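Right, one structure below, let's go through it.
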Amino acid sequence: MATDEPSPEPEEGVQPAESEGSEAAEIDDILVPVPRGQRASGDGEAGRSLLLRGMAPAELLVHLLEADSLGLLPLGARRLRQRALLIDTERLHLEAARRVALVRYDGRELEAWLTARVDEAIETCRRRDQESVRNGSQSADGEHEFMEIAFGVANGLRSAHAFNSLTPALRAVTLSLLVDGESLSSVLEHSCFASTEELGEALRTALQALLDGESTAVDPPSRMETPRDA
18 MATDEPSPEP
28 EEGVQPAESE
38 GSEAAEIDDI
48 LVPVPRGQRA
58 SGDGEAGRSL
68 LLRGMAPAEL
78 LVHLLEADSL
88 GLLPLGARRL
98 RQRALLIDTE
108 RLHLEAARRV
118 ALVRYDGREL
128 EAWLTARVDE
138 AIETCRRRDQ
148 ESVRNGSQSA
158 DGEHEFMEIA
168 FGVANGLRSA
178 HAFNSLTPAL
188 RAVTLSLLVD
198 GESLSSVLEH
208 SCFASTEELG
218 EALRTALQAL
228 LDGESTAVDP
238 PSRMETPRDA
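Per the numbering used here, the sequence shown runs over residues 18 to 247.
See below:
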């Protein structure tokens, strides 16, 4: 079911700093279960050759899921952190691989093309979460179990949707504190908030969204066409 809400372009978030605290590191391992230093995509020429080989979509999808030769899993994890979004990385990997398999490669710079496919996959996951919450559906196949493990929330689907519906700036500062273990003063210095009080009020809003699974959808997912084998 498509949403009539505004569909902004996917935003660029703040690149998080490295985690310092042990508790933050444990949460980070759950949210980003891939090596941070791993390349975001496979070798350019090798990846381009793979996409131009003319494999059938189903064959290419199996290859991408088994070998991840294009580095979609670490690229997806990186884009989630850059955009400060909470989506299961394995779920995103599956959707991104599906889009790569179904959308014909246009020959442009490989990493830019792959990033566009990953961003489309992110919006698909956000839109499906939005529809599931509206319909009162349950989370499928443990897609939101990571939320319950990382944050101790009762309903991972509702909490993820509520958090991902917050503004990009609010999501970014919240993850900087909860996941990266940054100090309040450090987060304030690099944020758009004018004072500690203003930042504190914003953080209360974000934490309430996480705990209660309710928020005003101020950053709805954008609508994108279903990929076709063009």
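Here a beta-carbon is modelled for each residue, glycine too, at the ideal position from N, C-alpha and C. The model shown is predicted, which means the values in this text are computed figures rather than measured ones.
- prompt: Hey, how far is the Cα of residue 64 from the Cα of residue 181?
  reply: By 1-based counting over the sequence shown, the position of residue 64 is 47. By 1-based counting over the sequence shown, the position of residue 181 is 164. Computed Cα separation, rounded: 31 Å.
task: Report the option in 205, 80, 103, 68 whose CA atom is closest to the CA atom of residue 165.
output: Taking the sequence shown and counting its residues from 1, one reaches residue 165 at position 148. Cα-wise, what sits closest to residue 165 is 103.
Residue closest to residue 148, alpha-carbon to alpha-carbon, out of 78, 170, 179: On the sequence shown, position 131 is the one that residue 148 refers to. Nearest C-alpha to residue 148: 179.
field: Residue from 152, 67, 76 with nearest C-alpha to residue 124
entry: The residue given as residue 124 occupies position 107 in the sequence shown. Checked all of 152, 67, 76; the closest Cα to residue 124 is 67.
query: To the nearest angstrom, how far is it from the Cα of residue 93 to the Cα of residue 127?
result: Within the sequence shown, the letter at position 76 stands for residue 93. Within the sequence shown, the letter at position 110 stands for residue 127. About 15 Å.
- prompt: Around the Cβ of residue 213, are there at least 16 other Cβ atoms within 10 angstroms (buried) or fewer (exposed)?
  reply: Here residue 213 refers to the residue found at position 196 of the sequence shown. Exposed, because fewer than 16 other Cβ atoms sit within 10 Å of the Cβ of residue 213.
field: residue 120 (DSSP reduced to helix, strand or coil)
entry: Counting from one through the sequence shown, the residue named residue 120 turns up at place 103. Note: residue 120 maps to coil in three-state DSSP.
Pair within 9 Å by beta-carbon distance, residue 118 and residue 91: Working through the sequence shown from its first residue, we reach residue 118 at position 101. Working through the sequence shown from its first residue, we reach residue 91 at position 74. Their beta carbons are not under 9 Å apart, which means residue 118 does not touch residue 91 by this criterion.
task: Please check the pair residue 224 and residue 190, which I expect to be a contact at CB under 8 Å, by giving their CB distance rounded to whole angstroms.
output: Locating residue 224 in the sequence shown gives position 207, counting from the first residue. Locating residue 190 in the sequence shown gives position 173, counting from the first residue. The pair is not a contact, with the Cβ atoms about 12 Å apart (cut-off 8 Å).
message: Any beta carbon from chain B within less than 9 Å of residue 165's own beta carbon?
response: Among the chains of the structure shown, chain B does not appear; only one protein chain is present.
task: Report, in whole angstroms, the separation of the C-beta atoms of residue 173 and residue 161, which I expect to be a contact under 8 Å.
output: Taking the first residue of the sequence shown as position 1, residue 173 is located at position 156. Taking the first residue of the sequence shown as position 1, residue 161 is located at position 144. Yes, residue 173 and residue 161 are in contact; Cβ-Cβ is about 3 Å, under 8 Å.
- request: Determine the DSSP secondary structure at residue 229, reduced to helix, strand or coil.
  value: The residue labelled residue 229 in the question sits at position 212 within the sequence shown. Helix, per DSSP.
query: For residue 193, is the classification buried or exposed, using 16 other Cβ atoms within 10 angstroms of its Cβ as the cut-off for buried?
result: Taking the first residue of the sequence shown as position 1, residue 193 is located at position 176. Flag for residue 193 reads buried.
message: Are the CB atoms of residue 188 and residue 150 within a distance shorter than 9 Å?
response: Stepping through the sequence shown from its first residue, residue 150 is reached at position 133. Stepping through the sequence shown from its first residue, residue 188 is reached at position 171. No, Cβ-Cβ distance for residue 150 and residue 188 is not below 9 Å.
query: Are residue 133 and residue 78 closer than 9 Å when you measure CB to CB?
result: By one-based count along the sequence shown, residue 133 stands at place 116. By one-based count along the sequence shown, residue 78 stands at place 61. Taking 9 Å as the Cβ cut-off, residue 133 and residue 78 do not qualify as a contacting pair.
field: Near the ligand NAP: residue 81 beta-carbon under 8 Å from a heavy atom
entry: Ligands are entirely absent from the displayed structure, and the ligand NAP is therefore not among its contents.
message: Please classify residue 137 as buried or exposed, where buried requires at least 16 neighbouring CB atoms within 10 angstroms.
response: Against the sequence shown, residue 137 aligns to sequence position 120. Looking at its Cβ environment, which holds 16 or more other Cβ atoms inside 10 Å, residue 137 is buried.
field: Identity of the residue in 121, 199, 131 nearest residue 86 by Cα
entry: Translated into positions along the sequence shown, residue 86 becomes position 69. For the residues 121, 199, 131, the minimum Cα distance to residue 86 belongs to 131.
- prompt: alpha helix (DSSP H) containing residue 155: first to last residue?
  reply: Here residue 155 refers to the residue found at position 138 when the sequence shown is read from its first residue. Counting along the chain, residue 155 falls outside any alpha helix (DSSP H), and DSSP gives it neither H nor E.
- prompt: Starting from residue 126 and walking both ways along the alpha helix (DSSP H), at which residues does that stretch end?
  reply: Against the sequence shown, residue 126 aligns to sequence position 109. Unbroken run through residue 126: none, as it is neither H nor E.
query: Taking the alpha helix (DSSP H) that residue 168 falls in, what are its first and last residues?
result: In the sequence shown, counting from the first residue as 1, residue 168 sits at position 151. Counting along the chain, the alpha helix (DSSP H) containing residue 168 begins and ends at 162-168.
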